[in-house]
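For what it's worth, the working numbering labels the leading residue of the sequence shown as 5, then goes sequentially.
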Amino acid sequence: MSSENVAITHSSQLCKRILELSRNIASMDDLPALLNKITIVACDLTKSHEASILLYDRTSSDLRFQAVANNKRQRLLKTSVPLDASVAGHVFTTAMPLVIQDAEDDPRVFREIDRRLAFHTHSIMAVPLVVEQVAVGVLETINKKDESNYTEDDLAILEIVGAHTALAIRIADLDRKLQESNANIRNLDRMKSDFIAIASHELRTPLGLILGHATFLKETVGEGLSDQMEVIIRSAMRLKSIIEDLSAIAQKEEGLARIRNTEFSMSALVEEVAGRFREVAAAKKIHLSYDVPDGDTLTIDGEREKIDVALSNIVQNAVIFTDPNGQVGIKAERAGDKVKVFVVDTGIGIPAADIERIFDRFYQVESHLTRKHGGMGLGLSIARAMVELHDGEIWCESREGTGSLFCFALPIKSSRDLTAASVFTAE
Ligand code: ADP
5 MSSENVAITH SSQLCKRILE LSRNIASMDD LPALLNKITI VACDLTKSHE ASILLYDRTS
65 SDLRFQAVAN NKRQRLLKTS VPLDASVAGH VFTTAMPLVI QDAEDDPRVF REIDRRLAFH
125 THSIMAVPLV VEQVAVGVLE TINKKDESNY TEDDLAILEI VGAHTALAIR IADLDRKLQE
185 SNANIRNLDR MKSDFIAIAS HELRTPLGLI LGHATFLKET VGEGLSDQME VIIRSAMRLK
245 SIIEDLSAIA QKEEGLARIR NTEFSMSALV EEVAGRFREV AAAKKIHLSY DVPDGDTLTI
305 DGEREKIDVA LSNIVQNAVI FTDPNGQVGI KAERAGDKVK VFVVDTGIGI PAADIERIFD
365 RFYQVESHLT RKHGGMGLGL SIARAMVELH DGEIWCESRE GTGSLFCFAL PIKSSRDLTA
425 ASVFTAE
């Protein structure tokens, strides 16, 4: 083989090993195992006797062996190497590569390792492992196999392998942080759910007493204080509806929410909800209309009360977020084996960036502290919970400044009933 061919074979071999290394990093699930592989690659590609990776230990402020290419060196793992009296320490603190061709009398070599392993270090090459411009460790190779000197190519190769190693360390670190954050988020979410469940449960009883006694007092105090009593009762009713919202969310989250299936007419429900909001809409000079098909009552098998809550929350928002002289329309229609209900308004619309999140609990487009409208950001999440309990879907399309369209689709018969029915038929 000509010397040119030998060089080509060598560089294609090199590319293959580096490519394999990149792929190993991309599919890494165990950093220590990967670091071991890296030391073997570094040894092979630089034709060295030994290779090791040392990482900085913050608690002891020294470097520690994390991976070694050679089994004979396994007992070095976790061994400490001082920063001020070792080649690795020098490379780590200067964050610069170092090649020592004749290590015999070099004071930077940490002789303790050689003594422990009855080994002799002749030459050494080391590169820093740099993550976000900070050295986190060192990759080093020891003793060129043919006892020749390390070349510039050897150093370039070790630097490439070192950069890959730093990348693997960075990915593993980000992965660990991501898992920690996810665990924190899950914990916070559980605390939030517990809080909602406890608060709604604990507030219910005293509020029931306030409402009961206030209603009784209103009847006994006579005309003089009746307006004041009316304010107390109205405010308590408002609190009651907030608690009911919280408790609906808690029940859905705990998987306690159930639907009591009965057949009901969606057309009649649309008519009733439109009727309920007509007065508030008229007071804001909003034209509220509805449209249901002639001769089809759009019968649904589900819990009317829950779908009533979902539709009312959507219509209430449409009225709240539409300026005077605007329009709100409700429409229901059959679509295959589903019934679709649309609520359209010519209101302020929702910014594109917020649409994804408006069905989340406590999410409000405007900050809760500065916004003009009341509410706790629960209406739509409750609507979604109620629709999903019926195996339905809910979504929204909107353009800021133009208006919004909310739609939910419910199966005429939920899959739960279909399953029950088919089991029954099979018997
Ligand atoms: P809230 O009861 O606080 O309004 P919701 O869950 O019902 O909470 O709604 C979440 C947010 O979605 C609202 O605060 C509002 O910013 C936005 N939103 C909902 N419906 C509409 C609508 N029809 N037009 C414009 N914005 C809306």
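From the three backbone atoms N, C-alpha and C, an ideal C-beta is built for every residue, glycine too.
Under 8 Å from any heavy atom of the ligand ADP, does the C-beta of residue i make it?
i	result
Y367	yes
M380	yes
I318	yes
G351	yes
D395	no
D198	no
I175	no
F325	yes
N321	yes
D312	no
S385	yes
I354	yes
E370	yes
I362	yes
D66	no
D33	no
H377	yes
D295	no
P245	It is worth fixing the name first, because residue 245 is Ser in this sequence and not Pro. Every heavy atom of the ligand ADP is 8 Å or more from the Cβ of S245, so no.
D231	no
According to DSSP, simplified to helix, strand and coil, what is residue i?
i	result
S31	coil
D150	coil
V142	strand
R420	In this predicted model, R420 has a pLDDT of only 49, less than 50, meaning its place in the structure is not dependable enough to derive any value.
H394	coil
Q331	strand
K342	strand
R21	helix
V85	strand
P415	strand
F114	coil
T303	strand
T155	coil
V313	helix
V369	coil
D295	strand
M402	Met is not the amino acid found at residue 402; the sequence shown has Ser there. Three-state result, S402: strand.
D66	strand
F281	helix
S426	With a pLDDT of only 35 at S426, under the threshold of 50, the placement of this residue in the model should not be trusted, and no figure is reported.
F268	strand
F199	helix
A122	coil
A261	coil
Would you decide whether residue i is buried or exposed? Buried here means 16 or more other CB atoms lie within 10 Å of its CB.
i	result
V235	exposed
E360	exposed
T169	buried
E431	Residue placement at E431 is flagged as unreliable, the pLDDT there being 29, under the threshold of 50; a coordinate-derived value is accordingly withheld.
I202	exposed
L178	exposed
I189	exposed
S15	exposed
F220	exposed
G212	exposed
Q70	buried
N47	Position check: residue 47 holds Cys in this sequence, whereas Asn was assumed. Looking at its Cβ environment, which holds 16 or more other Cβ atoms inside 10 Å, C47 is buried.
S426	Summary for S426: the model assigns pLDDT 35, below 50, so the residue's position carries little reliability; its value from the coordinates is reported in the next sentence. Exposed is the call here.
D298	exposed
P132	buried
I42	buried
When you measure from the CB of residue i to every non-hydrogen atom of the ligand GTP, does any distance come out below 8 Å?
i	result
S408	The model on display carries the ligand ADP but not the ligand GTP.
What are the partner residues of residue i, as DSSP defines its beta bridges?
i	result
A107	Paired residues: none, contrary to the question.
P132	V142
I42	None; I42 has no bridge partner.
I57	A71, L143
V348	G333, L409
L102	A130
S52	K148
S90	The partner list for S90 (beta bridge, DSSP) is empty, contrary to what the question assumes.
Query raised in the report: Does the pairing of the stretch 260 to 267 with the stretch 299 to 309 give three or more beta-carbon distances under 8 Å?
Result: yes
Query raised in the report: Do the stretch 325 to 344 and the stretch 285 to 292 make contact, defined as three or more Cβ pairs closer than 8 Å?
Result: yes
Query raised in the report: Between the stretch 74 to 91 and the stretch 110 to 130, are three or more C-beta pairs nearer than 8 Å?
Result: yes
Query raised in the report: How about the stretch 76 to 84 and the stretch 158 to 168: do they share at least three Cβ pairs that are nearer than 8 Å?
Result: no
Query raised in the report: With a cut-off of 8 Å, do at least 3 Cβ pairs link the stretch 272 to 279 to the stretch 241 to 260?
Result: no
Query - At least 3 beta-carbon pairs within less than 8 Å: the stretch 134 to 143 vs the stretch 50 to 64 - result: yes
Report task. Could you tell me whether the stretch 16 to 35 touches the stretch 119 to 129, where touching means 3 or more Cβ pairs closer than 8 Å? Result -> no
Query raised in the report: Using 8 Å as the Cβ pair cut-off and three pairs as the minimum, do the stretch 402 to 420 and the stretch 311 to 324 touch?
Result: yes
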